[in-house]
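Respectively, the protein sequence lines represent chains X and A. FYI, the numbering for the first sequence is -15 to 409, going by this note's numbering. FYI, the numbering for the second sequence is 594 to 910, going by this note's numbering. Yeah, the Cβ is synthetic: ideal placement off N, Cα and C, and Gly gets one too. Because the structure is a prediction, the values reported are computed rather than measured. Single-structure report; data block below.
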Amino acid sequence: MTAEEQPASQRQRTDPYVGQYAERAVGMVASEIRALFAVAARPEIVSLAGGSPYVAALPLDGVGDMIGQLIADRGEVALQYCTAQGDAGLRERICDVMTLEEIRAHPDEIVVTVGSQQALDLLTRIFIDPGDVILAEAPSYVGALGAFASYQATVVHVAMDEDGLIPEALEEAIGRTTAAGRRAKFLYTVPNFHNPAGVTLAAGRRHRILGICQRAGLLVVEDNPYGLLGFDAEPMRALRADDGEGVVYLGTFSKTFAAGVRVGWAVAPAAIRDKLILAAESAVLCHSSFSQLTVREYLTAQPWLEQVKDFRELYRERRDATLNALETMMPPGCHWTRPGGGFYVWLRLPDGVNAKAMLPRAISSRVAYVPGTGFYADGSGGQYARLCYSLPSPDRIREGIRRLASVIETEIELRDDFGPAPGIR
Amino acid sequence: MYELDRVVVLAGGLSAEREVSLRSGHRVRDALAEAGIDAVVADADAELLTQLRADPPSAVFPVIHGASGEDGAIREVLGLLGTPYVGSVASACQMAFDKPTAKALVAAAGVTTPTSVTLPRETFHDLGAAAVIDLIIAKLGLPLYIKPSRGGSALGAGPVHDAAELPRALLSCFAYGDIALIEQFISGTEVTVGVIDLGQGPRALPAVEIVPGDGGYDYAARYTAGKTEFYVPARLPAEVAAQVARIAVATHSVLGLRDLSRTDLIVDETGTAYFLEVNVSPGMTETSTLPMALEASGQAFGSICVRLLELAAARGA
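This is the structure:
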């Protein structure tokens, strides 16, 4: 049949369930940014975007042998259900890991989760009704903001500087929230080698932050994926180490072992822990026994702490390559943080240049980063970009920053011609 | 009937339309599988030539959108390899992919297209953006529609209703390309018409009417199922439906296109149809209009893909 012989027009339904989705699904739409990230994954692109660990540095043969032996010896356990709280042996090992940050915990206090992302989801699930307030650093981890948004939380950002969260800004935010007749349910913070800002909460501020939260009755959620990946000093004392009742600590093996095993954990006061276990049961019944026993075996039989040291050296070299390249290549008007560990540099672009608007040109120039807008609940932060140096080699980092500098120079010219980019706040 | 021993669906690429292309490619592969043809999806990367040389396919079905897929580059390489492929030859793609060139050629054949100007960003820089913008508005008036001269999926494209919006729209446009096509905005019914040539000459499929939500037919509206309503055939008077079909076939012929194309048009309140652009590698996703038009007209998408591959294989390189 062709155009000359048409029947009556019919409406084509590409989704028969339109109108039936929950309100929280309204924003789940195709996006240009996601389309651009699909290109960023190609090897032709120097990706300074995703926060992926360099797992190629692991002793993969040894890990493979270890997993083979695990299945041979304990396959009936590794391939079976387990409890929602997680494998008891792994929880013991986790307690050992946390002593490096001076946390003294009992295995019963720990809930194993699918990465620390699931811990964020479960915490938000048990604390947040739509519209409830969460305080979080400005900027804040995009994955946490995504979890908060999925439960329709209201995020109030709290300013940071090069020493991390600013105590006065926290007090002010608590006061402002209270004055509005609302109470924040918790403070979400990434104190060490912050994602995306790259800064660390100064030792001198830690007690002040805890004191402010204690006085306000505000629970602290301490998310610490990068704490063992400091380049220049021993790991800092965790917030949890100083307040066992007021802090929920989230950890993960994604950065110190392998992101693919998806094993994280939460250490929480007993009442919260019990609810987390029940919430985990309803979410996933239990976590992967195989992954948990793999991590347990890795911590028991492999020189994991030596591997962490290797990771630190590797990431230090890449951090240095990033900072040197930025120093020599970035045009005037750019500013960036100098992380003492972790994966990220937070780049501030010249006034009037928008990292989100610039991304298509960057991808065309074969370099990728994450625009700052993803790290603010209100979509501000357009003047910032997160650069992640964990995955590319130092040579690729230099090449990527060379390309990025050229893109920024073009954007400066466009700004001068047409005015500030859309979305600059 | 030509035997299809091995079929490669070419999808991906490095443009911003990579994700869409991969979805198109997987859908074509699945439709071919339903029609009894095993096909593999391959990316346009450093492995491709080795792969095509080592195991030459009967034919390639390119569904790479955006640059390299639609500007003729990949097809030129397929020609160098002597690999048969579905779709237009490189020289025709070059003309079709460059929107101002396609507009000029189609207009010369008597088709109405919105009045426009085409300007590279250097012109704004060299002559002063404000002065050039003033000239544009004085000449074309408002509202306008801005889009990169090359590219698709509405990336970097959008309407301008107020003079103050034009600099920002140009910035968005220049993020995706260095040349802007600035058209008078025509308000009306948005339609798209697929053209298929199965060996008996190009024939128009029923027009698909596009009714986007409040945000217009932007990227999200195109690729989020349910965000846009489609009517097939378009709710047009018979004479207008015939007119848009004629324009689509004329476009296909004037530009020397082959096998398949999709022409986008807008019909204003007087019933005048305006040519907007033509696609030599139309989207084949679940929300794309060409497969929709095929299915709505009773033609199985998979069997049409098979027929196009058979024609390509029989035609040779």
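By alpha-carbon distance to X/S31, the top candidate from X/F21, X/V39 and X/V98 is X/F21. Look at the stretch 387 to 403 of chain X: the residues with a C-beta under 7 Å from a C-beta of chain A are E397, L398, D401, F402 and G403. Under the Cβ distance rule, X/Y1 counts among the residues neighbouring chain A, one pair being separated by less than 9 Å. One alpha carbon belongs to X/T(-2), the other to A/S890, and they sit about 16 Å apart. The alpha carbon of A/S651 has as its nearest neighbour, out of A/K740, A/P693, A/V679 and A/P752, the alpha carbon of A/V679.
When C-beta distances to chain A are compared with 9 Å, every residue of the stretch 368 to 380 of chain X stays at or above that value. With contacts defined as CB atoms closer than 9 Å, A/L858 and A/I789 fail to qualify as a contacting pair. In chain order, E822, F823 and Y824 make up the part of chain A whose C-beta sits under 8 Å from the C-beta of X/R(-5). According to DSSP, residue pairing for X/M313 in a beta bridge does not occur. Comparing C-alpha distances from X/E265 to each of X/N338, X/D147, X/C66 and X/N176 shows the shortest one belongs to X/C66.
In this structure, DSSP gives A/T878 a state outside helix and strand, which the three-state scheme calls coil. Contacts between X/V13 and chain A, judged by CB atoms closer than 7 Å, involve A813, T817 and K820 in chain order. Residues of chain X whose Cβ lies closer than 8 Å to the Cβ of A/G749 are, in chain order, P344.
Look at the beta carbons and you see the stretch 606 to 621 of chain A touching the stretch 742 to 751 of chain A: at least three pairs across the two are nearer than 8 Å. In the DSSP secondary-structure assignment, A/K740 is bridged to A/L774. For the stretch 340 to 404 of chain X, the continuous beta strand (DSSP E) assignments of 3+ residues that do not extend past its boundaries occur at 368 to 372, in sequence order.
For A/S681, no Cβ of chain X is located within less than 9 Å of the residue's own Cβ. Per the Cβ contact rule, the stretch 795 to 802 of chain A is in contact with the stretch 823 to 832 of chain A (3 or more Cβ pairs under 8 Å).
The three-state reading of DSSP puts X/L32 in coil, since its state is none of H, G, I, E or B.
For X/H271, no beta strand (DSSP E) segment is defined, and its DSSP state is neither H nor E. By the neighbour-count definition (other C-beta atoms within 10 Å, threshold 16), X/R88 is an exposed residue. Unbroken alpha helix (DSSP H) stretches of 4 residues or longer found wholly inside the stretch 628 to 707 of chain A: 641 to 647, 666 to 674, 683 to 690 and 692 to 701, given in chain order. Inclusion of A/P875 and A/T865 in the CB contact set at 9 Å is not warranted, their separation being larger than that value. In this structure, X/G366 lies away from X/N179, with their beta-carbon atoms at least 9 Å apart.
Remark: C-beta atoms of X/P43 and X/Q286 approach each other more closely than 9 Å. Any Cβ of chain X closer than 9 Å to the Cβ of A/S709 would place that residue at the interface, and such an atom is absent. Straight-line measurement puts the Cα of A/E783 at about 23 Å from the Cα of A/F894. Sixteen is the threshold: since fewer than 16 other Cβ atoms of the shown chains lie within 10 Å of the Cβ of A/D727, the residue is exposed. For the stretch 345 to 358 of chain X, the set of positions with a beta-carbon nearer than 7 Å to some beta-carbon of chain A reads R345 and I347 in chain order.
Between A/R714 and A/I729, the alpha-carbon positions lie close to 14 Å from each other. When C-beta atoms of the stretch 194 to 208 of chain X are compared with those of the stretch 157 to 175 of chain X, three or more pairs fall below 8 Å, so the two segments count as touching.
In the DSSP assignment, A/Y812 falls within the alpha helix (DSSP H) that extends over Y812 to Y816. For X/V10, the number of other beta carbons within 10 angstroms of its own is below 16, and it is reported as exposed. Residue-level contact by beta carbon holds for X/T(-2) and chain A, with a gap shorter than 9 Å. By the Cβ neighbour-count rule, X/S238 is buried, with 16 or more other Cβ atoms within 10 Å of its own.
Going by DSSP, X/T83 is part of the alpha helix (DSSP H) stretching over A72 to T83.
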